[in-house]
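Reading through the C-alpha cells given below for one structure.
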Amino acid sequence: MILETSGLTKNFGSVKAVRNLSLQVEAGQVYGMLGPNGSGKTTTLGMLLGVTMPTAGEYRWFGKPGDHRARKRIGAILEMPVFYPYMTATQNLKITAMIKEVDESRIPEVLELVDLHKRADDKFKSFSLGMKQRLAIAAAFLANPEVMILDEPTNGLDPMGIADIRALIRKIASMGKTIILASHLLDEVQKVCSHFCVLQQGDLIYQGSVEDDFSEETIITLEAADMELLSTTLEGLPTIQRIVREGNRFEATCEQNVNAHDLNKELGEKGIYLSHLSVKKRSLEEQFLKILENAETV
Amino acid sequence: MLRLFKLEMTKIWSTRYFKILGVLWLIAFFSVPIGTWAFLNKMDDWLLETSVKIMPSQLPIFDFVDLWQNLTWCYKCLTIFICFSVMISITNEYSYKTIRQNVIDGLSKRELWLSKVTLILGLSALATAMVFILGLITGFTLSPVTGVEYIFRNIEFLAAYFFHVFMFLSFCLFVGVLIKRAGFAIALFIFWTYIVEPILNLILEWKIGDWASDLLPMEACWNLIRMPWSKYALNYAQDFVGLQDLGIAAVWTFIFLWGSYRIISKRDL
C-alpha cells in the first residue's frame, strides 16, 4: 500500500474543507482525484504533503506515518509550478536535489525528459506557463520518486501544452510509478487514470476503477410490434448486458463492438421486425452524473 | 546543518538584492575607518585656526585596546544592510511560495527554520570576521602599540558584535516570518525600531528608570556594545561588555528564534 488515509479532516474556521476522508492508493495505480474547484482536492494533497495541518485524522505513506522522509520519496506539484524566479532551470533543480538529498547528475536527464534541455540555463521567470509546468514535472521526477502527485497539471495550458503534459504523465506511468492526479476534468481522469475517487465539498462520494465505471457503452433503443417477444429475444443474446423499458421502447446496453446492422439481422431472422432502432454512445458526463446521483441517494 | 547552510547560500547568492546590499555594505564597511580618519584630520585643520589646543587625530581611536570597542560600535550602525537581506530572503520564500515547495520536496519545518538560522549565523560570522580583519589592518597601520597583549585585549567586543548581529538578524527573522511580505515586514521593522521603541524608551526611562528601558529588544541589542566616545571627553565610558546586557539580549534572541520556530511549525503554508 502506497498511501492510506483514515478520517482525514480539515476545517478552516467554520468551513469544512475536507471531511473524514479515507482513501487507499496501491502501488502502480494512476489514481485520479476528481472534483470541482473547491471540493477539497488541494487541501487533501496539502495535508498529505505536510504543508497543511490536518484538524483530525491521519495518513500513512509507504505504511508509515507520513513525514519529511516519506516526502523525499514523492515528487509533487501543488497548484502552480513554484520555483525561484531569479534562478535558471538548472539552479532551481539543484535546490530540489539538495532538499531531496539526491545527486545532481540526473539534472540534464530530467530536463531532457521534459524537453527543456535547451533552456537549462535560462531563468525561470522567462519561461512560458507550459515550460514552467514541465520544469515542475522535471523537479518532481528528479529524485526518481516512487510516487508522483500532480495537482491540476494542465490548468491554464493551451491544447498543445495539455497534450504534452498528458503524454508525459502516461510516459511516467508506463515506467511503473504510482501517480496521484487531482483534476476537475473528467475527461483528463478518464484518459490517464486507472483508479479514481470523487470529492464534493470535502466529502468522498465515490471510489472505484476507471475501467469498471467509465468503459465506453453503447445504448441501443428498439421498438417492435411485439414488445414481449423482443424482450425475451434480447435477453437471450449474449452481447446485450442490460435492458430497461423506457416508455414504448427498450434501451439495451451492449458491448462496445455491437453494431445495429448485425443486431437487426439477428432479430429479423427470429421474426422480429423493428419499427425503431437507434444507437448512441453514453457520454462520460452522463456516466459521471449517474455516479454522482447514486452517491447522493446512498 | 552544513547541507542547510549550503542550501541557503545557493538560494541567496544569485539574488540581485543580496548583491546590491552586499556592495552597499562593503562600501559602508570600508568607509568607516577611512572616513573617520579623514574626518579627524579635517578637524585638526579646523581646530588649528581656533584657540582650542587639541588634535583629534591624536586621540587613540584606532589604537589597540580602544580600537575594538570603537570599531564594533561604528559597525553596529551598518547591521541594517545585512538585516534587509535576511528579511527579504525570508519574505521572498513566502511570496514565491517556495517555502511550501521546499516542505513538499522533503524539508521538515524544523529544517526549514534551521536553514534560516544557519543563514543568520553565517552572515553574523562573516560580518564579525570582516571586522576582525579590518581591525587588525587598521590597528597595525595606525596604532603605536602592536604587541599581542594589546591586540587581544578587549577582543570580547568582537564577540559582543557577533552576538549583536545575530540578535538583530533573529529579530528580522521573526518579523519576516510573522509578516510574510517584504514591504510590510521592513515597514514594521523600521516603525518599531525608529518610532515605537524610542517613544517607549523615553516613557520607561522617565517613569521607571534606565533599567526598564534597557529591557526593550532593540535597546538591548544596541547595549551589547556601549558608546565609547565619552571616555575621550569625560574620561569615563563603560569599556566592557555588561553581563546584564548580555543576559537581556540572550533572552530576546531566544524569544525571537523560538517564536519564529513556533510560527513556522504551527502555520499552514
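Chains Y and P, in that order, are what the protein sequence lines are. Here my numbering = 1-based position in the first sequence + 596. Here my numbering = 1-based position in the second sequence + 404. Built from N, CA and C at the ideal position, the CB exists for glycine as well.
Residue of the options minimising C-alpha distance to residue i
i, options, result
"residue 678(Y)", "665(Y), 747(Y), 791(Y)", "747(Y)"
"residue 697(Y)", "741(Y), 639(Y), 707(Y)", "741(Y)"
"residue 635(P)", "658(P), 416(P), 449(P), 473(P)", "473(P)"
"residue 670(P)", "517(P), 555(P), 645(P), 530(P)", "517(P)"
"residue 627(P)", "526(P), 603(P), 656(P)", "656(P)"
"residue 618(Y)", "799(Y), 805(Y), 877(Y)", "799(Y)"
"residue 652(P)", "577(P), 622(P), 434(P), 421(P)", "622(P)"
"residue 702(Y)", "672(Y), 724(Y), 792(Y), 739(Y)", "739(Y)"
"residue 680(P)", "607(P), 578(P), 428(P), 441(P)", "Outside the shown range of chain P (405 to 673) lies residue 680(P), about which nothing can therefore be said."
"residue 615(Y)", "704(Y), 757(Y), 652(Y), 876(Y)", "652(Y)"
"residue 870(Y)", "826(Y), 890(Y), 881(Y), 885(Y)", "826(Y)"
"residue 622(Y)", "731(Y), 756(Y), 759(Y), 599(Y)", "599(Y)"
"residue 737(Y)", "793(Y), 890(Y), 668(Y), 633(Y)", "668(Y)"
Residue i versus residue j - alpha carbon distance
i, j, result
"residue 411(P)", "residue 500(P)", "16 Å"
"residue 488(P)", "residue 597(P)", "13 Å"
"residue 591(P)", "residue 580(P)", "11 Å"
"residue 681(Y)", "residue 691(Y)", "13 Å"
"residue 551(P)", "residue 471(P)", "14 Å"
"residue 564(P)", "residue 629(P)", "7 Å"
"residue 614(P)", "residue 632(P)", "18 Å"
"residue 601(Y)", "residue 655(Y)", "4 Å"
"residue 842(Y)", "residue 772(Y)", "45 Å"
"residue 774(Y)", "residue 625(Y)", "5 Å"
"residue 495(P)", "residue 849(Y)", "59 Å"
"residue 589(P)", "residue 493(P)", "12 Å"
"residue 845(Y)", "residue 830(Y)", "13 Å"
"residue 645(P)", "residue 562(P)", "10 Å"
"residue 485(P)", "residue 593(P)", "13 Å"
"residue 547(P)", "residue 723(Y)", "57 Å"
"residue 643(P)", "residue 405(P)", "36 Å"
"residue 428(P)", "residue 608(P)", "35 Å"
"residue 695(Y)", "residue 645(Y)", "14 Å"
"residue 612(Y)", "residue 750(Y)", "27 Å"
Neighbour list for residue i in chain Y, Cβ cutoff strictly below 7 Å
i, result
"residue 418(P)", "682, 683, 687"
Residue i: contacting residues in chain Y (beta-carbon distance under 8 Å)
i, result
"residue 414(P)", "687, 690, 691, 694"
"residue 672(P)", "642, 647, 648, 649"
"residue 407(P)", "694, 697"
Nearest-angstrom beta carbon gap, residue j and residue i [assumed within contact, 8 Å]
i, j, result
"residue 601(P)", "residue 620(P)", "5 Å"
"residue 476(P)", "residue 535(P)", "6 Å"
"residue 513(P)", "residue 568(P)", "No, residue 513(P) and residue 568(P) are not in contact; Cβ-Cβ is about 28 Å, not under 8 Å."
"residue 883(Y)", "residue 635(Y)", "Going by Cβ atoms, the distance from residue 883(Y) to residue 635(Y) rounds to 19 Å, so no, they are not a contact pair."
"residue 628(Y)", "residue 777(Y)", "5 Å"
"residue 647(Y)", "residue 504(P)", "5 Å"
"residue 664(Y)", "residue 510(P)", "5 Å"
"residue 508(P)", "residue 674(Y)", "6 Å"
"residue 744(Y)", "residue 671(Y)", "5 Å"
"residue 801(Y)", "residue 859(Y)", "36 Å between Cβ atoms; not a contact."
"residue 445(P)", "residue 461(P)", "5 Å"
"residue 683(Y)", "residue 728(Y)", "The pair is not a contact, with the Cβ atoms about 13 Å apart (cut-off 8 Å)."
"residue 818(Y)", "residue 873(Y)", "6 Å"
Opening and closing residue of the alpha helix (DSSP H) in which residue i lies
i, result
"residue 770(Y)", "755–770"
"residue 823(Y)", "823–832"
"residue 667(Y)", "664–667"
"residue 895(Y)", "No answer is possible for residue 895(Y): it lies beyond the span of chain Y, which begins at 597 and ends at 894."
"residue 542(P)", "513–546"
"residue 414(P)", "406–417"
"residue 692(Y)", "685–696"
"residue 657(P)", "647–670"
"residue 508(P)", "502–509"
Element boundaries [beta strand (DSSP E), containing residue i]
i, result
"residue 652(Y)", "652–657"
"residue 627(Y)", "626–630"
"residue 805(Y)", "799–805"
"residue 608(Y)", "599–608"
"residue 639(Y)", "Taken as a continuous stretch (DSSP letters only), residue 639(Y) belongs to no beta strand (DSSP E), being part of the alpha helix (DSSP H) at 637–644."
"residue 774(Y)", "774–779"
"residue 744(Y)", "743–747"
"residue 671(Y)", "670–673"
"residue 814(Y)", "814–820"
Within chain P, partners of residue i - CB distance below 8 Å
i, result
"residue 668(Y)", "509, 510"
"residue 663(Y)", "512"
"residue 678(Y)", "500, 501, 502, 504, 505"
Residue i: contacting residues in chain P (beta-carbon distance under 7 Å)
i, result
"residue 672(Y)", "508"
Where residue i meets chain Y, residues with beta-carbon distance less than 9 Å
i, result
"residue 619(P)", "Within 9 Å Cβ-Cβ: nothing; residue 619(P) doesn't reach chain Y, min ~34 Å."
"residue 357(P)", "An answer regarding residue 357(P) cannot be provided, because it is not within the stretch 405 to 673 covered by chain P."
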